[in-house]
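Okay, structure first, notes after.
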Amino acid sequence: MTAFDKKVEELIAKHPNLTKDEAIKIVTEKNNRKKQKRNARSNKDS
């Protein structure tokens with residue numbers, strides 16, 4: 001099981017009313033936001 005799958009399963013466990021597709025979408029969006037923040041910080045430093 002990948003880290004991504006684990007996050008999706010944890011989200012479904014916390015919120016059983018979510019479908020797997022919805023959980024995948026939420027985790028993907030969060031990852032994208034984290035990537036943007038990380039890139040913004042690294043660009044600011046250099």
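For the sequence shown, the tail end lands on 46 under UniProt numbering, and the numbers increase by one without skipping. Every residue, glycine too, gets a C-beta built ideally from N, C-alpha and C.
Beta-carbon proximity of residue i to residue j, cut-off 9 Å
i, j, result
"alanine 23", "histidine 15", "yes"
"lysine 7", "valine 27", "yes"
"glutamate 10", "methionine 1", "no"
Contact with chain B by residue i, beta-carbon distance below 9 Å
i, result
"alanine 3", "Among the chains of the structure shown, chain B does not appear; only one protein chain is present."
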